[in-house]
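**Q** My structure is below; once you've seen it, I'll send some questions.
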Amino acid sequence: MSFDWNFNVRFKMFTAKAATAAMATLLLASQTPGFSGSVSAATAEQVTEAAAGENEKQLGLLDNEVPEGANISSKQASENILKLFPLLEKATISSARFDSPNSFPPPDYKAWDIGFELREGNRSTGFSATVHAVTGEVLSVHLPSELLEKQFSDSEKKLTKTEAKKQADEFLYKAIPNLKEDSFVAVAEPYANSVQQSLFGRTEYTYSYQLKHEGLVSEAETAYISVDQSGLVTGYSRTTIGAEYPSSKAVIPADQAQQKFEEEFDIQLAYISEERFSSRNGQKYYLGYTPKNSTVNALDANTLDRINSMTGDAIVQDVSQEDKPLKGSVAAFTPNTGSKLNAQQAEKLVKKSFNIPESYKLEYSQLTKGSFASPNHQVWSLSWSNRNASASYMFMRDISAQVDAATGQIYSVNIYQRIMPGMEQEKSDTEVKGKTVTKSQAEKLAVNTVISLVPDASKQFRLSTVLELDDARTFIFQRYLNGIVVKDDTVQVQVSNDGTITEYYSMVAAAPEQLPTDVKPAISYEKARATYLEEFKLVLAYSRYGGFGMGNGEAVPVGVKLAYMPTRTDSPLTGITYEVLDANTGEWKPMYGSTSGTVQVTISDIKGHAAESDLQNMIQHGVLIADEQGRVFPDRVITKGDWFTYLARAVNPNLDVYYSGDGEGNLYADITPESPYYQAVRTLIDQRWLAGADPKSKLNPEEEMTREELAVLLVRILRYEKLAGFYTLPSDLPNLADASAVNNKGAVSLSIKLGLLPSIDGRFMPARKVTVAEAAQVLERLAKLQGKTDTFMNGNRLY
């Protein structure tokens, strides 16, 4: 069986059976490449499902009791947290829970989960921190925004990322007792430099570390620290395991491992997306060379077997299984050509191809925008539940599906087995005792399913990988166009041992017109393979495996193996699969493109401009995005829609990356879900920087913006509209020669007084159009004003 490491990461995401844990894994994997294992509930502000299992102990107050399996009490755990984060003394400890997993699958060690609460009037915010119950080490804390806002307002500091790293390093020594200087490595993650910091709001930097065991880096021992611009540590997350480490002495020497790696290492030509995380404007692809299948998996240092990072078992190559053409016995997929499907018709299509038990009733149906693979399509999100399940409703089995409302194509079907440890698992209505299907029978079912549900599947897809699980087999189908792999365009089908399909995902994004027309690369296969082998080396380290939810709702035990791991640095986190070699330029590029959703280019038209510094800062923060020639056209007149977009990106530079057109309809008569300004306007409404949605009125986003109109919008952002009403006379603008030409004297007066929109040679010029450069200058001034007024970015939640 061959195994694609890249898919391995995605597979971990999708097989997590707790819906919350699956989403958390997806988020963490996309932001922290190389992270594997259970997801800490405190690495981000997220909601987790936690069942009150038999081993959990809910306490109203802290005490000195040390429960069985722990070395510290809840009181000691809370004291350890407050030592590291004294700011939490402003919060109230609301609960203490022992042996709380706070993640799924649960870790293989005991932990204290200490709950905190911040109360302001009738409003309260709850959050938690985790402490290892045996070692007493703090494992996760994430300070909430409410607690940080005042510190941000009071601070005048603005550290660079390099300066803030010193604070992170110092904190690491405090957080991990007896940590030695040479017992960890800082990880330069491939995506860290491409993550945009917002112009508005607190600037936070995140640093990653891998710890060592007996002098060797361990994938199972990681730490993530967030530090804001003032030097305050705002978040900390630590992964560890309870499993025993094997000896650090390799049975097989490094030169033999290197020889095996070089002999077996192979690459393939593939279409790679330049903007993997951004789908609003469609994907763009280039030709790149990527490692092929399992040739990048870690090598067991004692056997030289390649390690399956899900199970820890050796990967057995099955050459006959690779790139296997699809031959089935069913009719090919035919799209719906009639009117748009309703929910009942979509449900009927799902039931035609998948077994939905009679006891499961459709309880949820919503028409939404599609995911990255179908951003311009309307998709039915369906969910079936069985309220008569023996398990509690929160953790019973659910079935979900997504169906294209226009074509009828089914994008996903998933039977969630959300049974937590310690709870009796409900048996499936379709489960037949003692009945199993052979591998060939399961494969036939999977192949027929793909042919019948995916357009042109027989021509475009090949069976590439089969994963053998205890109670199921997962078949992964890879897409090819022009005989070349389309990276990440895959379909996966999981067939349980009783012949039931429990998971189906179709992730197909590339359209033929988006692909390069020239399929012959400038760099040869031989040259590309040699380049990879020159760049990458094997590092003796501890490879982590297990800790993932499987088809039966249970978790594969976590463990570590001594392994030779391919990497460009001394840290296995920066592995061989995170960068790809451009087949035409020979440049190394991030595998999944820029997290800012834009291709990085050299800016070509701002040098020497009067506003060069401000323009450069807007580009750096993702407010302005250059075209493919590196131009931002600084003297171009902007429209109102441009300003809305700049302002929204100043709050959230990843606006285009995480684009979602899902909405309740038109925000304004000329801001529909299909509008390029929809997400920006929705962001500004959420910030209360625009009045609430009004589908009957217009924003006129295509109109060119004047200086006076900009002044009015600035007053709205600052929430000084009523104050502006006191300045209505020409005498309120005593130093302006053209005061009589200004209609909104209050807005103009305040904009001048605050230095946001100064006069020009004694005149305001209210009708003059605003340029890109002037907008950049205003945004720069506005950014410096945050925290210095009563409202703007002060006590204001982003997004």
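According to the working numbering, the stretch in the sequence shown is residues 1490 to 2288, in order. C-beta atoms are modelled at their ideal positions from N, C-alpha and C, and glycine is treated no differently. Predicted, not measured: the structure shown is a model, and the values here were computed from it.
Distance, Cα to Cα, Tyr1900 vs Val1892?
**A** Translated into positions along the sequence shown, residue 1900 becomes position 411. Translated into positions along the sequence shown, residue 1892 becomes position 403. Between Tyr1900 and Val1892, the C-alpha separation is close to 6 angstroms.
**Q** Which runs of the alpha helix (DSSP H) fall wholly inside the region 2095 to 2133 and span at least 4 residues, in chain order?
**A** The qualifying runs are 2101 to 2109.
**Q** Are the Cβ atoms of Thr2066 and Pro1780 separated by less than 9 angstroms?
**A** Start at 1 with the first residue of the sequence shown, and residue 2066 comes out as number 577. Start at 1 with the first residue of the sequence shown, and residue 1780 comes out as number 291. Yes; because the gap between Cβ atoms is below 9 angstroms, this pair is in contact.
**Q** Classify Gln1699: buried if its beta carbon has 16 or more other beta carbons within 10 angstroms, exposed otherwise.
**A** Start at 1 with the first residue of the sequence shown, and residue 1699 comes out as number 210. Result: buried.
**Q** Can you give the beta carbon distance from Asp1597 to Ala1732, rounded, assuming they're within the 8 angstroms contact cut?
**A** Numbered from its first residue, the sequence shown carries residue 1597 at position 108. Numbered from its first residue, the sequence shown carries residue 1732 at position 243. Between Ala1732 and Asp1597 the Cβ distance is about 6 angstroms, and since that is below 8 angstroms, they are a contact.
**Q** Looking only at its own chain, which residues have a Cβ that is under 6 angstroms from the Cβ of Gly1625, when we skip the five neighbours before and after it?
**A** As a first step, residue 1625 must be located in the sequence shown, where it is residue number 136. For Gly1625, where only same-chain residues beyond five positions count, the Cβ hits under 6 angstroms are Ile1561 and Asn1569.
**Q** Is Gln1699 helix, strand or coil when you go by DSSP?
**A** Residue numbering aside, residue 1699 sits at position 210 when the sequence shown is read from its first letter. Reduced to three states, the DSSP call for Gln1699 is strand.
**Q** Look up Tyr2031 in the DSSP assignment and give the residues it is bridged to.
**A** Within the sequence shown, numbered from 1, the residue matching residue 2031 stands at position 542. Looking at the DSSP assignment, Tyr2031 forms a beta bridge with Ser1707 and Leu2051.
**Q** Buried or exposed: Tyr1853, going by 16 or more other Cβ atoms within 10 Å of its Cβ?
**A** Mapped onto the sequence shown, residue 1853 falls at position 364. Exposed is the call here.
**Q** Hey, quick one: how far does the alpha helix (DSSP H) through Tyr2021 stretch, first residue to last?
**A** As a first step, residue 2021 is located in the sequence shown; it is residue number 532 there, counting from the start. Tyr2014 to Glu2024 is the extent of the alpha helix (DSSP H) around Tyr2021.
**Q** Per DSSP, what kind of secondary structure is Leu2274 in: helix, strand or coil?
**A** Locating residue 2274 in the sequence shown gives position 785, where the first residue counts as 1. If DSSP states are grouped into helix, strand and coil, Leu2274 belongs with the helices.
**Q** Can you find the residues in the same chain that come closer than 6 angstroms, C-beta to C-beta, to Ser1737, ignoring five residues on each side of it along the sequence?
**A** Taking the first residue of the sequence shown as 1, we reach residue 1737 at position 248. Glu1703 and Leu1705, listed in sequence order.
**Q** According to DSSP, is Ser1881 helix, strand or coil?
**A** Against the sequence shown, residue 1881 aligns to sequence position 392. At Ser1881 the pLDDT is 45, less than 50, meaning the model places this residue with poor confidence and gives no usable figure here.
**Q** Around the C-beta of Tyr1774, are 16 or more other C-beta atoms found within 10 angstroms, so that it is buried, or is it exposed?
**A** Counted from its first residue, the sequence shown places residue 1774 at position 285. Buried.
**Q** Enumerate in chain order the residues of its own chain whose CB-to-CB distance from Thr2278 is below 7 angstroms, with the five nearest sequence positions on each side excluded.
**A** Here the question's residue 2278 lines up with position 789 in the sequence shown. Result list for Thr2278: Leu2207, in chain order.
**Q** Can you look up Pro2247 in the DSSP assignment and give me helix, strand or coil?
**A** By one-based count along the sequence shown, residue 2247 stands at place 758. The answer is coil: DSSP assigns Pro2247 none of H, G, I, E or B.
**Q** Touching or not, the region 2220 to 2229 and the region 2257 to 2266, by the rule of three or more beta carbon pairs under 8 angstroms?
**A** Verdict: no, contact absent.
**Q** What would DSSP say about Lys1564, mapped onto helix, strand or coil?
**A** Locating residue 1564 in the sequence shown gives position 75, counting from the first residue. Lys1564 falls in the helix class under three-state DSSP.
**Q** Run through the DSSP bridge pairs and tell me what Lys1850 is partnered with.
**A** One-based indexing of the sequence shown puts residue 1850 at position 361. Its beta-bridge partners are Ser1874.
**Q** When the Cα atoms are used, what is the spatial distance from Glu1708 to Glu2210?
**A** Mapped onto the sequence shown, residue 1708 falls at position 219. Mapped onto the sequence shown, residue 2210 falls at position 721. Between Glu1708 and Glu2210, the C-alpha separation is close to 54 angstroms.
**Q** Would you please state the rounded distance, in angstroms, between the beta carbons of Asn2073 and Pro2010? I believe it to be under 8 angstroms.
**A** The count along the sequence shown starts at 1 and reaches residue 2073 at position 584. The count along the sequence shown starts at 1 and reaches residue 2010 at position 521. Rounded, the Cβ-Cβ distance is 6 angstroms, consistent with contact.
**Q** In three-state DSSP terms, what is Asp2279?
**A** Position 790 of the sequence shown, counting from 1, holds the residue named residue 2279. Coil.
**Q** Near Ala2158, what residues of its chain come up, given a Cβ to Cβ distance below 7 angstroms and the 5 sequence neighbours on each side ignored?
**A** In the sequence shown, residue 2158 corresponds to position 669, counting from 1. If we look at Ala2158 and ignore the five residues flanking it on each side, its Cβ neighbours are Pro2184, Lys2185, Ser2186 and Lys2187.
**Q** Please determine whether the Cβ atom of Leu2271 lies at a distance below 8 angstroms from any heavy atom of the ligand ZN.
**A** Absent from the structure shown: the ligand ZN. Ligands present: none.
**Q** State buried or exposed for Tyr1849, treating a residue as buried only when at least 16 other CB atoms are found within 10 Å of its CB.
**A** In the sequence shown, the residue the question calls residue 1849 occupies position 360. Tyr1849 comes out buried.
**Q** How should Ile2249 be labelled, buried or exposed, when 16 other C-beta atoms within 10 angstroms of its C-beta is the threshold for buried?
**A** Here the question's residue 2249 lines up with position 760 in the sequence shown. Ile2249 comes out exposed.
**Q** Do the region 2047 to 2054 and the region 1816 to 1823 meet, that is, are 3 or more Cβ pairs less than 8 angstroms apart?
**A** Counting Cβ pairs under 8 angstroms, fewer than three are found: no touch.
**Q** Can you give me the C-alpha to C-alpha distance between Val2028 and Leu1661, rounded to a whole angstrom?
**A** Position 539 of the sequence shown, counted from the first residue, corresponds to residue 2028. Position 172 of the sequence shown, counted from the first residue, corresponds to residue 1661. Their backbone Cα atoms lie some 24 angstroms apart in a straight line.
**Q** So, is Gly2244 buried or exposed, given that buried needs 16 or more other C-beta atoms within 10 angstroms?
**A** For the purposes of this step, residue 2244 is taken as the residue at position 755 of the sequence shown. Answer is exposed; the Cβ neighbour count stays below 16.
**Q** What first and last residue would you give for the alpha helix (DSSP H) that runs through Thr2172?
**A** Looking up residue 2172 in the sequence shown gives position 683. Residues Tyr2167 to Asp2175.
**Q** According to DSSP, is Leu1516 helix, strand or coil?
**A** Counting from 1 along the sequence shown, the entry for residue 1516 is found at position 27. Its pLDDT being 31, under 50, Leu1516 is placed unreliably in this model, and the coordinates cannot settle the point.
**Q** So, Thr1954 versus Arg1968, is the Cβ gap smaller than 9 angstroms?
**A** Locating residue 1954 in the sequence shown gives position 465, counting from the first residue. Locating residue 1968 in the sequence shown gives position 479, counting from the first residue. No. Outside cutoff.
**Q** Specify, as a first and last residue, the run of the alpha helix (DSSP H) that Glu1753 falls within.
**A** Locating residue 1753 in the sequence shown gives position 264, where the first residue counts as 1. First-last of the alpha helix (DSSP H) with Glu1753: Ala1743 to Glu1753.
**Q** Whole angstroms are fine: how far does the CA of Gln1983 sit from the CA of Glu1832?
**A** Here the question's residue 1832 lines up with position 343 in the sequence shown. Here the question's residue 1983 lines up with position 494 in the sequence shown. The identity of residue 1832 in the sequence shown is Ala, whereas the question assumes Glu. In a straight line, the C-alpha of Ala1832 is about 25 angstroms away from that of Gln1983.
**Q** Would Val1805 be called buried (16 or more neighbouring beta carbons within 10 Å of its own) or exposed?
**A** Looking up residue 1805 in the sequence shown gives position 316. By the neighbour-count rule (16 or more Cβ atoms within 10 Å), Val1805 is not buried but exposed.
**Q** Taking contact to mean 3 or more Cβ pairs, one atom from each stretch, closer than 8 angstroms, check whether the region 1988 to 1997 and the region 1935 to 1951 are in contact.
**A** Taking 8 angstroms as the limit for Cβ pairs, the verdict is that the region 1935 to 1951 does touch the region 1988 to 1997.
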